[in-house]
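Just below is one structure, and these are the notes that go with it.
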Amino acid sequence: MFCDTQPRFAGLSAGSTFLVMGAALLVVSGCTDEKRGFAIDPAACPTQSARTEGKVSHEPYLRAHPDLEHPITVTLRSPAWSPPVCPAGQGTCDQLDVALLQHEALNQTEVGCVVGAVSPSGGLSVTPQWYEPLRFLASGRPSPIGTAFSTLATWPQVQQFASHPYVQAITPAFGEAARIGMPAPAVIGECPEANDDPTPKVTDATAVQNNGRRPVVIEIRRELLPSLQSCASSGDTCEALINSSWAQTIVGQRMLTCLRELIDSKLRGPAPEVSFQTIEGIPVGAPGVPPFDDVPHVLTAFALALTWDEVVDAARHPYVQRIWTSPTLPEPIVQPDCPPHYDSPVSTPQCPSRTEDIAGKFTAASAAAWAASSGANRVIVAVRRDKDLCPAPVCPDRGIDCPENVRYWNRVAEETQASQSCVRALIAAIGGTASSEVFVLGNGFPASLTWSQIQTVAAHPDVLSLERAEGGTPPP
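The following block contains the structure:
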């Protein structure tokens with residue numbers, strides 16, 4: 001499943017290395033929407049939706065910010081499959097080739113169906129996150145099976161992903177859990193334990209010690225990657241080079257994801273990205289790696305803003321070569337207006353006098369149930385925030401609240417209550433009842449309203465949606 005016009009690295013020799021600092025130096029010519037590798041026959045895709053309960057680990061946060069694009073990781077289901085065993089002494093055989101090719105075809109179809117369901121035109125950009133362990137066909141070509149990818153998605157798009165039967169889970173992408181104050185996703189079980197001696201790996205990063213959160217570069221152990229094979233003529237893209245570049249891409253991505261997940265699990269706070277990368281690629285001419293049509297490459301170094309304790313934790317991972325820092329590294333990009341201004345009073349919003357269309361603020365099923373009722377209905381009212389939440393502090397002992405964390409959530413609770421004040425005032429004015437309960441993370445609250453009152457509340461500009469308190473489904 002390749003594009004007619006493949007993504008390319010321009011002007012590189014085999015095994016060459018280049019740096020990306022600030023502006024991107026990676027030259028890629030992407031596919032057009034019509035030629036994108038995800039385009040498949042829609043008839044091959046399932047038409048029925050799956051239940052979404054429990055699929056989205058950070059659903060309350062996403063639902064509270066429906067208009068933002070969120071970096072997410074989409075993990076596909078894992079069909080029961082095991083490769084056939086070749087005769088003794090044979091690493092490859094015909095029956096294994098047939099099984100691998102069938103497995104590849106199914107994987108490409110599933111990725112195409114999932115991405116195509118959210119972006120039928122092919123405009124959604126996805127980044128590979130995880131491949132199954134490296135396996136080879138008898139020809140020497142790797143058999144890539146991609147089972148997770150990251151992308152940017154709004155809450156309605158996340159709902160579309162979650163309702164697809166081929167999707168197993170949706171979690172925050174690298175670094176996002178710490179930014180929004182959520183627990184990091186569990187490290188994939190296939191990743192190695194992080195128990196190396198960190199001391200020799202951090203000698204060039206000691207300037208971070210007692211200096212807060214500073215930019216550091218994390219280098220990955222290149223010797224653990226499959227070797228690139230050379231061609232008879234320099235600059236050619238022979239089969240041996242292409243096959244070995246695919247193998248490097250698959251193994252390199254698995255190493256990177258294991259390392260990034262370990263780092264996420266150890267973060268004490270948000271770790272902003274720093275504009276520095278080292279990427280190893282191959283010359284123009286290699287086809288993209290299925291099922292994501294990924295340009296063959298390996299990220300061998302990247303930069304984050306870490307504390308000294310986080311540097312030491314990262315250095316324990318066996319995939320880390322060394323960690324270093326330098327005054328010349330770019331400063332991390334920090335979200336503006338964070339942390340919250342604790343000393344300033346929480347402002348009460350000015351209530352709008354206008355109304356807006358209620359279309360899309362509740363489902364047809366909820367509307368039918370409310371219209372058929374003769375009295376008050378218990379509903380959940382979701383309210384807009386005027387700004388994104390700052391990342392929550394992470395306590396040294398994650399099982400025990402610390403003063404910084406308590407202060408943060410008290411402030412968020414005050415801001416949440418203030419943001420609901422206009423909607424609550426409207427409910428009181430029209431004779432409805434708003435509960436004193438406040439859903440802080442999702443910015444909502446329960447209320448008792450008649451069908452007529454529900455329609456009036458839905459027209460308030462601060463209201464995102466209403467749903468039944470029992471058995472309701474939020475609108476798409």
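When the letters of the sequence shown are read in order and numbered with my numbering, they come out as residues 1 to 476. Beta carbons are placed, not taken as given, at the ideal position from N, Cα and C, and that holds for glycine.
DSSP three-state assignment for Thr433, whether helix, strand or coil: strand
For Asn107, the three-state DSSP class (helix, strand or coil): helix
Within-7 Å CB hit, Pro327 to chain C: Among the chains in the structure shown there is no chain C, since it carries only a single protein chain.
For Cys258, the nearest candidate out of Glu190, Pro287 and Val412 (CA to CA): Glu190
Extent of the continuous alpha helix (DSSP H) to which Trp81 belongs: Neither: Trp81 is in no alpha helix (DSSP H) and is coded neither H nor E.
Nearest-angstrom beta carbon gap, Glu219 and Arg322 [assumed within contact, 8 Å]: 5 Å
Range of the contiguous alpha helix (DSSP H) that encloses Thr249: Glu239 to Lys266
Residues bridged to Ser150 (per DSSP): Thr73 and Thr127
Whole-angstrom C-beta distance between Trp246 and Pro296, which should lie under 8 Å: 6 Å
Residue burial classification, Glu34 (beta-carbon count within 10 angstroms, cutoff 16): At Glu34, the pLDDT of 31 sits below 50, so the modelled position is not reliable and the matter cannot be decided from this model.
In DSSP terms, what Pro215 is bridged to: Ala305
Inter-stretch contact at 8 Å, needing at least 3 Cβ pairs: the segment 297 to 308 / the segment 198 to 212: yes
Terminal residues of the alpha helix (DSSP H) in which Gln157 lies: Trp155 to Ala162
Neighbour-count burial assignment, Tyr342, 16 or more Cβ in a 10 Å radius: exposed
Outcome for Ile145 when other beta-carbon atoms lying within 10 angstroms are tallied against a minimum of 16: buried
Opposing strand residues paired with Tyr448 [DSSP bridges]: What sits at residue 448 in the sequence shown is Ser, not Tyr. Ser448 pairs with Arg378 and Thr433.
Gly360 beta carbon less than 7 Å from that of Pro60: no
Ala184 vs Ser265 beta-carbon contact at 7 Å: yes
Assigned secondary structure, Asp236 (DSSP; H/G/I helix, E/B strand, else coil): coil
The segment 64 to 83 contacting the segment 142 to 160, beta-carbon criterion three pairs below 8 Å: yes
Option in Gln420, Asn107 and Thr249 with minimal Cα separation from Cys45: Asn107
Limits of the beta strand (DSSP E) - the one that Gln321 falls within: Val320 to Trp324
Range covered by the alpha helix (DSSP H) that runs through Val412: Pro403 to Ser419
Beta-bridge pairing of Pro142 - partner residues as DSSP gives them: Phe136
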